[in-house]
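In terms of full-length UniProt numbering, the sequence shown has 65 at position 65, counting the first letter as 1, and numbering is strictly consecutive. The structure appears below as structure tokens.
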Amino acid sequence: MTDDLSWPDGEERSGMSGAEGDRKRTETVRAAPKAMSAGLWPGIAGRPGRTGAPDAFLAHVAAAEGARIATRRTIGAGFAARVPAGS
Numbered sequence: 001m002t003d004d005l006s007w008p009d010g011e012e013r014s015g016m017s018g019a020e021g022d023r024k025r026t027e028t029v030r031a032a033p034k035a036m037s038a039g040l041w042p043g044i045a046g047r048p049g050r051t052g053a054p055d056a057f058l059a060h061v062a063a064a065e066g067a068r069i070a071t072r073r074t075i076g077a078g079f080a081a082r083v084p085a086g087s
């Protein structure tokens, strides 16, 4: 992400472009499956001209074969169900 106001297009400079997701997916196909985390800074992502970038990124990832979108809560619940407490 950037706070450079000279780039109002969220897709262009948000760090959340579809191309980045495609690159990560290509790396995953070559090796073992991986997780990609996309964090948002509300003070930056919420600026006018950038609010559509997260939606565009999530739509791009959701359209990819084999991709799954999960919240931290979902990931934590899955981990807790598979790993005994205290291990």
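The beta-carbon is built from N, C-alpha and C at its ideal position, and this holds for glycine as well.
Could you pull out every residue in the same chain whose Cβ sits closer than 8 Å to the Cβ of threonine 71, ignoring the five residues on either side in sequence?
For the purposes of this step, residue 71 is taken as residue 71 along the sequence shown, with counting starting at 1. The answer is none, since no qualifying residue turns up.
Would you report the Cα separation of alanine 53 and arginine 68, rounded to the nearest angstrom?
Sequence index remark: in the sequence shown, residue 53 carries index 53 (1-based). Sequence index remark: in the sequence shown, residue 68 carries index 68 (1-based). Those two C-alpha atoms are separated by around 18 Å.
Quick check: the Cα distance between leucine 58 and alanine 80, rounded to an integer number of angstroms?
As a working mapping, residue 58 is identified with position 58 in the sequence shown. As a working mapping, residue 80 is identified with position 80 in the sequence shown. So the two alpha carbons sit approximately 26 Å from each other.
What would DSSP say about arginine 68, mapped onto helix, strand or coil?
Looking up residue 68 in the sequence shown gives position 68. Note: arginine 68 maps to coil in three-state DSSP.
For serine 6, the three-state DSSP class (helix, strand or coil):
Within the sequence shown, numbered from 1, the residue matching residue 6 stands at position 6. Note on serine 6: pLDDT 43, under 50, position unreliable in the model; no value is reported.
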